[in-house]
Amino acid sequence: MPEFAELLNGYRRFRTNGYARQKARYDQLVNEGQHPKLMIIGCSDSRVDPAQIFDVDPGEIFVVRNVAALVPPRETTPGQHGVSAALEFAVQFLQVRQIVVMGHGLCGGCKAALTQELNDQPLGKGGFITNWVRLLDEVRDPIAAEFGTQGRLAERAMELAAVKVSLANLRTFPIVREREKNGDLTLRGTFFAISDGVLHLLDEDSGEFSPAD
Ligand SMILES: [Zn+2]
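Here it is, written out as structure tokens:
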């Protein structure tokens with residue numbers, strides 16, 4: 002399979018270059034464990050890799066990526082709550098100081114939440130995408146009322162709103178609320194678009210996103 006061969010080529014480059022160059026850092030991470038100060042919640046989209054965008058070294062960011070960079074609210078229903086488990090680990094054990102939610106442009110998950118379709122087809126046969134993007138139901142109606150459900154304006158509105166939904170849902174976890182109140186944890190909303198390569202930061206007081214310096 003050419004794809005996997007390409008992957009192995011990359012691995013070999015990494016072994017020769019990146020791993021060799023950062024060997025001292027890797028040794029330190031082995032001996033001392035990981036102590037990232039930041040957790041990043043991003044989309045699984047192949048175009049928006051947080052480590053690439055923020056140009057960080059190994060051990061610097063603890064990352065969760067999923068469809069549309071969503072955090073579900075705290076739930077105690079039966080099920081395997083992957084995001085909640087990662088969050089608990091990051092906040093309680095790693096004691097990260099910041100949680101950065103990063104939405105992005107041309108997000109298929111956000112578009113799916115608007116249209117209930119992916120590439121003009123009904124959302125997945127298993128119902129998993131449908132159920133997942135239901136996390137954005139609460140913002141869908143106001144956006145649809147203002148911009149409709151099609152087109153870039155509606156999609157961008159949903160991409161930005163999704164960041165706010167994830168931040169609100171993060172605050173449904175008592176440990177997050179507690180640490181934020183004590184000043185031990187900061188939540189940040191961000192948005193990145195590959196079309197211009199610009200990162201936007203959310204001002205939660207005004208609700209507006211503006212370009213980072
Ligand atoms: Zn996405």
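Under my numbering, think of the first position of the sequence shown as 2, with each following residue one higher.
Glycine residues also receive a C-beta, built at the ideal position from the N, C-alpha and C atoms.
Of the candidates 91, 5, 19, 45, 91 places its Cα closest to the Cα of residue 186.
Residue range 99-105 is occupied by the beta strand (DSSP E) that includes residue 99. By the Cβ-count criterion, residue 120 is exposed, with fewer than 16 other Cβ atoms from all chains shown falling within 10 Å of its own Cβ. Judged by pairs of C-beta atoms under 8 Å, the region 106-124 touches the region 63-71, as three or more such pairs exist.
Rounded to whole angstroms, the Cβ separation of residue 163 and residue 188 is 15 Å, and the two are not in contact under 8 Å.
When Cβ pairs closer than 8 Å are counted between the two stretches, the region 21-30 is seen not to touch the region 38-48, the count staying below three.
Counting other Cβ atoms within 10 Å of its Cβ, residue 199 stays below 16 and is therefore classed as exposed.
Leaving aside the five residues that flank residue 181 on each side, the residues in its chain whose CB is nearer than 8 Å to its CB run, in chain order, 172, 187, 188. Residues whose Cβ lies closer than 6 Å to any heavy atom of ligand 1, listed in chain order: 44, 46, 69, 105, 108, 109, 110.
DSSP places residue 83 in the uninterrupted alpha helix (DSSP H) bounded by 83-89.
Between the alpha carbons of residue 87 and residue 65 lies a distance of about 7 Å.
Annotation for residue 8: no residue places its beta carbon closer than 7 Å to its own, counting only its chain and skipping 5 residues before and after. Distance from the Cα of residue 204 is smallest, within the candidate group 197, 192, 196, for 192. Among the bridge pairs identified by DSSP, residue 122 is matched with 119.
Beta-bridge partners of residue 42 (DSSP): 65, 102. The shortest CA-to-CA distance from residue 156 to any of 169, 12, 140 is the one to 140.
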